[in-house]
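For the sequence shown, the positions run 379 to 917 when the working numbering is used.
Note that the Cβ used here is the ideal one computed from N, Cα and C, for glycine as well.
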Amino acid sequence: MIRDKRQRTRFRPRLKRYLSVGTTALVGITILLFQNCQPNYLLKVALLAAQSENSAAQTVETPLASPFADGKLQVSWRQLLADEDFRVRNQSAFSRASDSLFSFGQNLPLGLQDPIPSEEDLVVDEDRAAFLAGQEMVVLIDNHCRRQQQGTSTFSTVLESQLAGVERPALSVEAYAYEFSDSQSVSQFRDWLESDPCIIGASENQVASIAAESLNNDPDFSKLTHLRAINFVNAQDLFYLSSLKVTQDVVIAIGDTGVAHDHPDLQNVMWRDGSGKFGHDYINNDDNPMDDHGHGSHCAGLAAAQNNNGIGVSGVMGVHARIMGIKVLAANGSGYTNQIVNGINYAADNNADVLNLSLGGAGQNASYQDAMARAVAAGTFVAVAAGNDNTQITTSSFFSPAGYAKDIHGAMSVGSYDAMNYAKSSFSNYSTSYVEIGAPGSSGTTKLLSTVPGGGYAYMHGTSMASPVLAGAAALTIGILRTNGISYTPADIEDILFNGSPSRSGLSTYFKDGKALDLEKVGEYIQRVYLFGQTGGFN
């Protein structure tokens with residue numbers, strides 16, 4: 379915010395003095411109580427009383443400072459300059475605080491595609507800068523002042539004349555929309571505001587809208603019960619809307635039957651290599667990993683179908699995802715270890731951030747363990763389906779590659795819970811040691827809806843569906859950390875998904891600590907621990 383340099387009056391709270399007095403009094407009370415060996419509850423009462431008295435003093439003595447105390451015009455120049463007309467009209471009225479004069483013309487260094495400097499980096503020549511005809515500002519009027527000084531409050535009288543005859547409730551402070559009929563210099567507008575004692579201040583008149591409605595216009599969104607189960611809509615406030623929201627791309631590799639890269643809900647989020655290829659096909663040994671089964675495309679849509687495009691469904695990471703297609707299973711849904719291991723290595727070598735493996739079989743296989751460990755060491759988080767045999771995974775009843783995730787910090791085996799009641803899905807493999815978290819992989823009798831080849835949609839269920847739901851959550855986690863400049867490892871992503879998700883008693887005998895993916899809770903955990911630094915954070 380560029381503030382008026384001519385007026386620097388500012389409330390200075392007397393917080394420090396009251397904290398000092400409160401602390402001194404509190405120490406005295408504590409010593410007295412311990413000397414007399416009084417019961418602990420007396421100490422608690424004394425503490426609460428001291429805190430209450432201290433809080434009351436702060437409330438009375440430290441009123442909230444008005445943002446208009448530093449000047450009646452408070453706007454974000456950076457935000458206004460995002461408007462092309464305003465930028466072009468005012469191209470000579472701004473300079474960098476640390477640089478020479480620069481221009482905001484379309485074809486000059488700071489064109490439409492370039493980021494505008496930060497607020498504190500802008501210097502405004504208010505005599506040359508001008509608001510445009512048709513531009514609107516919010517002007518706050520003190521109505522009590524206006525009634526007391528009728529006839530002298532020139533600007534507020536002009537504003538009220540715009541609403542003559544309009545019935546409205548009497549407010550002590552009223553917000554008016556003021557539209558410039560002609561362009562007017564910033565300095566002239568500011569002086570007009572400052573000359574009127576009944577004007578509190580002015581700022582931009584911005585448009586606000588309902589978040590959920592604007593983010594979920596995909597026609598089949600209401601059918602996505604798995605998103606409801608993980609509290610996706612509530613999580614959007616952080617991941618999709620806030621100032622911390624994801625703005626960096628994250629690559630999600632789908633090691634499966636391939637991905638229908640021409641599907642309307644997937645085509646705009648496909649990853650491409652340097653030659654423009656969508657990934658690799660280890661079944662047909664070519665560079666076109668097109669899905670000829672449907673399973674891989676279904677998983678891709680659950681993880682990252684494009685959100686809010688007015689088409690079909692939404693993935694868990696519906697913005698800034700890039701899907702890497704890796705075909706390791708044939709049209710009949712099966713593949714060999716060498717093909718799958720090569721697919722895992724391809725994801726790692728091509729810098730995939732997340733790898734989803736909705737596949738597996740009974741028995742141990744060291745090649746899987748080696749490939750997964752290499753992928754995690756390369757920086758790829760791995761989500762792998764626990765299997766659909768309703769079997770407890772043990773050392774003697776092993777399932778690969780999911781069973782290896784337990785000992786690879788940065789890979790997670792995923793069991794399935796039902797989106798309707800949070801009970802273990804009847805088919806899901808389970809283990810409080812080997813299955814590290816549950817995600818929705820079934821939904822009563824309707825299953826989970828997602829993308830399939832041919833531009834269509836279909837319902838499927840299985841831990842194969844639970845795994846890409848977790849993969850999408852992992853990608854969102856990576857996206858928000860990356861966007862906010864926080865370094866991480868796949869092990870950190872596992873810890874966040876595990877620690878952020880709640881434990882459900884009904885799952886406590888099936889999955890580790892009864893953990894069930896909840897994207898809203900994961901988002902809250904990220905904010906509390908890593909974005910706001912209350913208990914630490916990544917280096």
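Query: Apply the 10 Å Cβ neighbour rule to P932 and answer buried if 16 or more other Cβ atoms are within range, or exposed otherwise.; Result: Shown here, the chain extends from 379 to 917; a query on residue 932 therefore has no answer.
Query: Return the chain-ordered list of same chain residues with a C-beta closer than 8 Å to the C-beta of P818, the five sequence neighbours on each side being excluded.; Result: T603, H604, A607, I608, S794, Y795, D796, A797, L826, M843, A844, V847 and L895
Query: Measure the alpha-carbon distance for G840 versus S675 and round it to whole angstroms.; Result: 14 Å
Query: Look at the Cβ atom of N521, then the Cβ atom of E552, and state whether they are nearer than 9 Å.; Result: yes
Query: Thinking C-beta only, is G713 closer than 9 Å to Y660?; Result: yes
Query: Just confirm the distance between the C-beta atoms of F889 and G781, as a whole number of angstroms; I'd bet it's less than 8 Å.; Result: Incorrect: roughly 14 Å between the Cβ atoms, too far for contact.
Query: Buried or exposed: which applies to R906, given that a residue is buried once 16 or more other Cβ atoms fall within 10 Å of its Cβ?; Result: exposed
Query: Give the C-beta separation of A725 and M750 to the nearest angstrom, bearing in mind that I take them to be a contact with Cβ-Cβ under 8 Å.; Result: About 10 Å; that fails the 8 Å criterion.
Query: Report yes if the CB atom of C677 is closer than 9 Å to the CB atom of I632, and no otherwise.; Result: yes
Query: Tell me the DSSP secondary structure of K893 in three-state form.; Result: strand
Query: Can you tell me which of the three DSSP states F759 falls into?; Result: strand
Query: Name the DSSP beta bridge partners of V501, please?; Result: S473
Query: Since G878 contacts V900 with CB under 8 Å, what's their CB separation in whole angstroms?; Result: 4 Å
Query: Where are the beta strand (DSSP E) runs, 3 residues long or more, that stay fully inside the region 606-678, in chain order?; Result: 628-634 and 657-659
Query: With burial defined as no fewer than 16 other Cβ atoms inside 10 Å of the residue's Cβ, what is the status of Y908: buried or exposed?; Result: buried
Query: Let me make sure I understand the geometry here. Which of A744, V754 and N716 has the alpha-carbon closest to that of N734?; Result: V754
Query: Got a sec? Which residues, its chain only, sit under 7 Å from G721 by beta carbon, not counting five neighbours each side?; Result: G633, Y660, I704 and V706
Query: With 16 as the cutoff for other CB atoms within 10 Å, does V466 come out buried or exposed?; Result: exposed
Query: So A460 packs on V502, CB below 8 Å; how close in whole Å?; Result: Rounded, the Cβ-Cβ distance is 15 Å, inconsistent with contact.
Query: In the DSSP assignment, the beta strand (DSSP E) including S794 goes from what residue to what residue?; Result: A789 to D796
Query: Buried or exposed for G449, please, with buried defined as at least 16 other CB atoms from any protein chain shown within 10 angstroms of its CB.; Result: buried
Query: Are there 16 or more other CB atoms within 10 angstroms of the CB of S539, so buried, or fewer, so exposed?; Result: exposed
Query: Taking just the CA atoms, how far does M648 sit from D834?; Result: Sequence inspection shows Gly at residue 834; the Asp mentioned does not correspond to that position. Taking the straight line joining both Cα atoms gives about 17 Å.
Query: In three-state terms, what does DSSP make of Y837?; Result: strand
Query: Using beta-carbon positions only, say whether T758 and V732 come within less than 9 Å of one another.; Result: yes
Query: For E902, does the three-state DSSP call read helix, strand or coil?; Result: helix
Query: Under three-state DSSP, which class holds V564?; Result: helix
Query: Beta-carbon separation of F533 and S563 under 9 Å?; Result: no
Query: Please state the DSSP three-state secondary structure of K802.; Result: strand
Query: Which residues in the same chain have their Cβ closer than 6 Å to the Cβ of F610, if we skip the five residues on either side of it in sequence?; Result: L897
Query: Just verifying my parser: in three-state terms, what is the DSSP assignment at Q717?; Result: helix
Query: Ordered along the chain, which non-local residues of its own chain (more than five positions away) have a Cβ less than 6 Å from that of Q891?; Result: Contrary to the premise, residue 891 reads as Asp rather than Gln in this sequence. Contacts found: S881.
Query: List the DSSP bridge partners of Q770.; Result: Y808
Query: Is it true that the region 637-644 meets the region 688-695, where meeting means three or more beta-carbon pairs spaced less than 8 Å apart?; Result: yes
Query: Which class does T887 belong to by DSSP, given the choice of helix, strand or coil?; Result: coil
Query: Got a sec? Which residues, its chain only, sit under 8 Å from I904 by beta carbon, not counting five neighbours each side?; Result: L616, T855, I858, L859, I874 and G878
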